[in-house]
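**Student:** With my numbering as the guide, the letters of the sequence shown map in order to residues 243 to 478.
Note that the Cβ used here is the ideal one computed from N, Cα and C, for glycine as well.
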Amino acid sequence: MHCYPAAAKIGLTRRAMLRGIGGAALTGLVAGCAGRGGASLAMPVDPAATARPDLVDLARFDPRLRFDIRYATPANFMGRVLYPLPRAVAQRPVAEALVRVQTHAEAAGYGLLIFDAYRPWRITKMMWDETPPDKREFVADPASGSRHNRGCSLDLSLHRDGAEVAMPSPYDDFTPAAYRSNTAAPPEALAASRMLEGWMVAEGFVPLANEWWHYDWADWRLYPIMDVPLEDVTAG
Ligand SMILES: [Zn+2]
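1) Under 8 Å, do A347 and W441 count as touching if we go by C-beta distance?
2) Of the residues R334, D310 and A291, which one's Cα is nearest the Cα of A477?
3) Looking at the structure shown, is W459 part of a helix, part of a strand, or coil, going by DSSP?
4) Is F303 closer than 8 Å to A337 when the C-beta atoms are compared?
5) What residues match up with I467 in a beta bridge as DSSP calls it?
6) In chain order, which continuous runs of the beta strand (DSSP E) of length 3 or greater are located wholly inside the region 372–423?
7) Is T373 buried or exposed, if buried means 16 or more other CB atoms sit within 10 Å of its CB?
8) Let me make sure I understand the geometry here. Which of A434, P295, L283 and V448 has the alpha-carbon closest to that of V475?
9) Just curious, the alpha helix (DSSP H) that A426 is in, first and last residue?
10) For A339, which residues from the same chain have a beta carbon less than 8 Å from its beta carbon, with the 5 sequence-adjacent residues on both sides left out?
11) Alpha carbon to alpha carbon, how far is A420 from P412? Give it in angstroms, no decimals.
12) Comparing the CB of S386 with every heavy atom of ligand 1, is any distance shorter than 7 Å?
13) Quick one: residues in its chain with C-beta nearer than 8 Å to the C-beta of R342, no 5 flanking neighbours on either side, listed in chain order?
14) Compute the distance between the beta-carbons of F309 and A301, then report whether it is under 8 Å.
15) Measuring straight from C-alpha to C-alpha, what distance separates F416 and F319?
16) Go through its chain and collect everything with a Cβ distance to R306's Cβ below 6 Å, but skip five positions before and after it.
17) If we ignore side chains and look at the alpha-carbon of each, how far apart do M461 and C394 end up?
18) Considering only residues of the same chain and omitting the five flanking positions on each side of A427, which have a CB-CB separation below 7 Å?
19) Kindly examine ligand 1 and report whether one of its heavy atoms sits closer than 7 Å to the Cβ of D358.
20) What residue does the beta strand (DSSP E) around F303 start on, and which one ends it?
21) Using a threshold of 8 Å, state whether the C-beta atoms of K367 and L283 are closer than that.
22) Could you tell me the alpha carbon to alpha carbon distance between R361 and D469, rounded to whole angstroms?
23) Taking 7 Å as the cut-off, is the beta-carbon of D403 closer than that to any non-hydrogen atom of ligand 1?
Printed below as a string of structure tokens:
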């Protein structure tokens, strides 16, 4: 996901802020106002995005990578399954850089644990449509799209022999503890986050300031916003 500065400002977790969204959406439906102004929204086209998309399945691209695709389970901030299958997909140059990061991590006794990568635009729109207007600051606006829609963002952590490494906060638990500027977490968690950041930056990724797990490929603007279903990506 992306940064949600207002949530951080008032010190609430995104999970707490979004709890009950399903009920709120249902109330809107009963009131006849669900989807108002958004139902006919078309996927945005970025004229600056000139690169040819080349999405690959990360599990096939590098079998060393490990995955915990939260949006393919109910264990996410929406509280229900959003992806039809647990697949992580990214543009080929992003995947190639990630392979190099995995190699750096292995040399230090770690491995990469991927939470999310390419996200079809329809999922971003679904998140938006099911979020009440007063809470939409917490989700990416489908009118402008998410960098995850371009296959250029990765949400990831580290594991050691399959065990998830402690980080400054849980994944997708948006509090100031998730900020890269957080210095209050246990020293080993901060060190792990910075170690991952060092490897990612060295291979061309840009860290998001307020989410230790989120990285954008430096050339993300070159790639279009896409809505290819995850199940249709079979290259690796
Ligand atoms: Zn993200």
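**Tutor:** Reading off the structure:
1) In the sequence shown, counting from the first residue as 1, residue 347 sits at position 105. In the sequence shown, counting from the first residue as 1, residue 441 sits at position 199. Result yes, Cβ atoms of A347 and W441 sit closer than 8 Å.
2) Position 235 of the sequence shown, counting from 1, holds the residue named residue 477. Per the Cα distances, R334.
3) Here residue 459 corresponds to residue number 217 of the sequence shown, with the count starting at 1. Here W459 sits in strand by DSSP.
4) Here residue 337 is taken as the residue at index 95 of the sequence shown, counted from 1. Here residue 303 is taken as the residue at index 61 of the sequence shown, counted from 1. Their beta carbons are under 8 Å apart, which means A337 touches F303 by this criterion.
5) Within the sequence shown, residue 467 is the residue found at index 225, counting from 1. For I467, which the question treats as bridged, DSSP gives no partner whatsoever.
6) 395–402
7) The sequence position of residue 373 within the sequence shown is 131, counting from 1. T373 should be labelled buried.
8) Residue 475 sits at position 233 when you count from the first residue of the sequence shown. It is P295 whose Cα lies nearest to the Cα of V475.
9) Stepping through the sequence shown from its first residue, residue 426 is reached at position 184. Per DSSP, A426 belongs to no alpha helix (DSSP H) and is neither H nor E.
10) Along the sequence shown, one-based indexing puts residue 339 at 97. If we look at A339 and ignore the five residues flanking it on each side, its Cβ neighbours are E445, G446, F447 and W459.
11) On the sequence shown, position 170 is the one that residue 412 refers to. On the sequence shown, position 178 is the one that residue 420 refers to. One C-alpha to the other measures close to 8 Å.
12) Position 144 of the sequence shown, counting from 1, holds the residue named residue 386. False, no ligand heavy atom lies under 7 Å from that Cβ.
13) Start at 1 with the first residue of the sequence shown, and residue 342 comes out as number 100. Closer than 8 Å at Cβ, skipping near neighbours: E445.
14) Along the sequence shown, read from residue 1 onward, the residue named residue 309 stands at position 67. Along the sequence shown, read from residue 1 onward, the residue named residue 301 stands at position 59. Yes.
15) Translated into positions along the sequence shown, residue 416 becomes position 174. Translated into positions along the sequence shown, residue 319 becomes position 77. Cα to Cα, the separation comes out at about 10 Å.
16) Reading the sequence shown from its first residue, position 64 is the one you call residue 306. For R306, where only same-chain residues beyond five positions count, the Cβ hits under 6 Å are Q344.
17) On the sequence shown, residue 461 is found 219 positions in, with the first residue counted as 1. On the sequence shown, residue 394 is found 152 positions in, with the first residue counted as 1. Rather than Met, the amino acid found at residue 461 in this sequence is Asp. Their backbone Cα atoms lie some 8 Å apart in a straight line.
18) Working through the sequence shown from its first residue, we reach residue 427 at position 185. Taken in chain order, the residues that qualify are P410 and A419.
19) As a working note, residue 358 is residue 116 in the sequence shown. Distances taken from the Cβ of D358 to the heavy atoms of ligand 1 include one shorter than 7 Å.
20) On the sequence shown, residue 303 is found 61 positions in, with the first residue counted as 1. Segment L300 to F303 is the alpha helix (DSSP H) holding F303; no beta strand (DSSP E) there.
21) As a first step, residue 367 is located in the sequence shown; it is residue number 125 there, counting from the start. As a first step, residue 283 is located in the sequence shown; it is residue number 41 there, counting from the start. It is a contact, given that the beta carbons lie within the stated cut-off.
22) Working through the sequence shown from its first residue, we reach residue 361 at position 119. Working through the sequence shown from its first residue, we reach residue 469 at position 227. The straight-line gap from Cα to Cα measures roughly 8 Å.
23) Here the question's residue 403 lines up with position 161 in the sequence shown. Result no, Cβ not under 7 Å from ligand 1.
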